[in-house]
Structure formats: structure tokens, C-alpha cells
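For reference, the structure is listed below as C-alpha cells.
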Amino acid sequence: MGSPRAATEEDPGERFVIEAARAAAGQGAVVGIGDDGAELPDGTVVTVDTMVEGVHWDERLSPADVGFKLVATNISDLDAMGARPSWAVLALSLPTPLDRDWVTEFFSGFAEARSRWPFVLAGGDTTRSPGPRVASLTLAGRAARTCLRSGAAPGETIWVSGELGLAAEGFASTRTRPEALRALKRPSVPAPLGARLAEEGLATAMIDLSDGLARDLTRLCRASGVGALVDPFVLPTRSGLAQAVAFGEDYQLCFTASPSRRALIESLSSATGVALTAIGTTTPEPEIRLLGHHEWPSPQFDHFTGCSS
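For any residue, its number in the working numbering is found by taking its place in the sequence shown, counting from 1, and adding 7.
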């Protein structure tokens, strides 16, 4: 085997858009573009997620699944900032003629998710789409103590919540475990775990796993100026390594913490019923490595280059 492949790079198209947005953003945010959400001077934490038909969902997701998942993805981002949701605005772009049944089912799933993670839907916008359906939710909340991607230091423990690779398994085949299909359609976001970790001062840095462990851990480490050494044999997964680290759609948390906090974190895991697994250690070297010279699998999805092989 050759030299180990590094953790995956950012999608260059997405990186270009983010840098262009930063140049146009101006001043005023306490935490701006580049984290799981933005923190405003008044303490409000805001995030936004957009789902496009044919890109983020296909016929395997019902309209109710789409409504539920749109809420869940936003809750995941807010929770990774240590915030609890308070209000949201929703934008829908829908083709004509209007499919009233689709809209009704979408909002049934949306309401189900909102009942699980309560917030006020304050308004939004509806437009006609000449192409696919597009749904975008902007969610705001408050944090007693925010937790950013940039707070990790060398020698800290890297933790993840839940099981990795379930949604990837559900995406790969309809003949799979029922829990894998559920993870694809109705992500089981561990909120308010992130808020608890932040409020209790347990996590030093945190990110939600929407784009896969390889890519999201790399983002956290670069923001913190550290590297990482991950043990692939302890990853909480029953799927293959590529599904566990390179696909995404997990909507679990990845966070760092002082080794001295292990007992408190394990106690929180027991109290919340959310499995937490220590998977590695942050390092002073910048590389994001897998123990035992294993290679990081190539990313399985990019917004602007499509799916990889």
C-alpha cells in the first residue's frame, strides 16, 4: 500500500462560493460565515439549509419526509453551535400546476419535526419554480454558550454521536436495514445534546456530520489549527469505512473535549440515551490521519462536481 491518502479536500465549487460570500459579507457578526451557524451581536444564532429536488431527495423520500428532513438538517446545525431553536422562516419554490397534496404532505412532516424540536414558524416566501421543487429553511435560536469549530487544542479526545454510515447504507439500497432507510428519510438528530455539551462546558469544538466524518472533521481541525489521528476500528458503524466517513447525511455530532472530561461525557451519554464514542485524538501536526496507515476514502458527494465513484 502506498502512502495514506489525506482526509478529503473541500469541494472547490463550494469553497469558491463561501469565499465570495465572505468578501461580500461586511462586518457585524460575532461568528460569521464558515461555522455551522452565525452568531449575531444580540446573541441570536442563525443557520439556513436548502433542499433541491433531484439533488437532495428523489422518489425514495415522500413529501412528508422532505418536510421532516428540512427541519432536522437545520436543527443539527443549530445544535452543533450549542443553540436551542426559537423561530424560523421558510421559502418554497414550487412548479405549476400546484400539487396541493404534495404541499399538504410536506407540511405534515414539517409539523412532526417541529413538534420534536419546537420553534415558531414566523413566516417566509413562496414562489413559482420553472424546474424542481426547492425548500429552504432559516432557523434561529439562542445559546447560553456557543461552541465553535475553532476551539480544539492538541491532545484532546475526538468524539462522535450515534451510528455513522446509516444514511449511506439506506441510500445505496432499498433492501437494507429499516433503521438505515429511516436515517436517510428522517434523520435522528441528537439535539439538544450539542446544547448540553456547550452549556456544561464539555466540548471545546463541535461540528455536525452532514458531509461525512472525513470532510467535517477536516473542517473542524483546520478551524482549530490542529490535526487528528482517528482509529478506524472503533468507529461506531456496521457499514463499510467509505459509508461511515465519506458519504455524509449522518446529522450526528463530532466534537473535541479534554481527556479529563471523559467520565462527565459518558454520564451525559447515559442521561440522554445518545451513544457517544471516542474515536481519536487531536494532534499538533496538521494532517488528518487514520491509524494503521489506512487511506481515507474519496468523498461520495460534492455539490458542484456530483457523486464520485
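C-beta: ideal position from N, C-alpha, C; glycine also.
Inset, instruction - Can you have a look at G162 and say buried or exposed, based on whether 16 or more other CB atoms are within 10 angstroms of its CB? - result: exposed
Legend entry - Per-residue burial, F240 [other beta carbons within 10 Å of its own, 16 or more giving buried]: exposed
Legend entry - Range covered by the alpha helix (DSSP H) that runs through D72: P70 to A87
Legend entry - Identity of the residue in P306, R296, L200 and T111 nearest F262 by Cα: L200
Inset, instruction - Confirm, please, whether the CB-CB distance from L85 to P92 is below 8 Å. - result: yes
Inset, instruction - Decide if the segment 216-224 is in contact with the segment 269-285; the criterion is three or more beta carbon pairs, one per stretch, under 8 Å apart. - result: no
Inset, instruction - Grab me the residues of M8's own chain with a C-beta within less than 6 Å of its C-beta, minus the 5 sequence neighbours each way, in chain order. - result: Any reading at M8 needs caution, since the residue's pLDDT is 29, under 50, leaving its predicted position unreliable; the model's value is listed next. Taken in chain order, the list of residues that qualify is empty.
Inset, instruction - Note down, in chain order, each residue of its chain lying with its Cβ closer than 7 Å to the Cβ of T134, except the 5 sequence neighbours on either side. - result: S100
Inset, instruction - Find the nearest neighbour of E112 within the set G74, G138, G234 and S277, judged by alpha-carbon distance. - result: G74
Legend entry - Reference G203; option with closest CA among A278, H301 and F117: First, the residue type needs correcting, since residue 203 is Arg and not Gly in the sequence shown. If we check each option's Cα against that of R203, A278 comes out closest.
Inset, instruction - Have a look at S10 and L77 and give me their C-alpha separation to the nearest angstrom. - result: Note that S10 has pLDDT 36, beneath the 50 cutoff, so the model's placement of it is unreliable and no number is given.
Inset, instruction - Express the C-alpha separation of I165 and R268 in angstroms, rounding to a whole number. - result: 12 Å
Inset, instruction - Flag this pair as yes or no: are the beta carbons of W94 and V52 separated by less than 8 Å? - result: no
Legend entry - Paired residues, beta bridge with I272 - DSSP: I272 pairs with nothing; no bridge assigned.
Legend entry - Proximity to G158 [Cα-Cα], best of E60, K192, A230 and A71: A230
Legend entry - Proximity below 8 Å, CB of D257 to CB of L171: yes
Legend entry - Contacting residues, own chain, Cβ-Cβ under 7 Å from T183 (five flanking each side not counted): E176 and G177
Legend entry - With 16 other Cβ atoms within 10 Å as the buried cut-off, status of T312: Legend: pLDDT at T312 = 45, less than 50; position of this residue unreliable, value from coordinates given subsequently. With fewer than 16 Cβ atoms within 10 Å of its Cβ, T312 is classed as exposed.
Inset, instruction - Under 8 Å by Cβ, that's how I've got L298 and V237 pegged, so tell me the actual separation to the nearest angstrom. - result: 7 Å
Legend entry - Inter-residue spacing [alpha-carbon to alpha-carbon] between R12 and P48: Only weak support is given to the placement of R12: the predicted model assigns it a pLDDT of 46, under 50, and the question is left unresolved by the model.
Inset, instruction - Spell out a yes or no on whether the segment 54-61 and the segment 135-154 are touching, meaning 3 or more CB-CB pairs, one atom from each, closer than 8 Å. - result: yes
Inset, instruction - For P266, I'd like the list of residues in its chain whose CB is within less than 8 Å of its CB, leaving aside the five on either flank, ordered along the chain. - result: G162, E163 and T164
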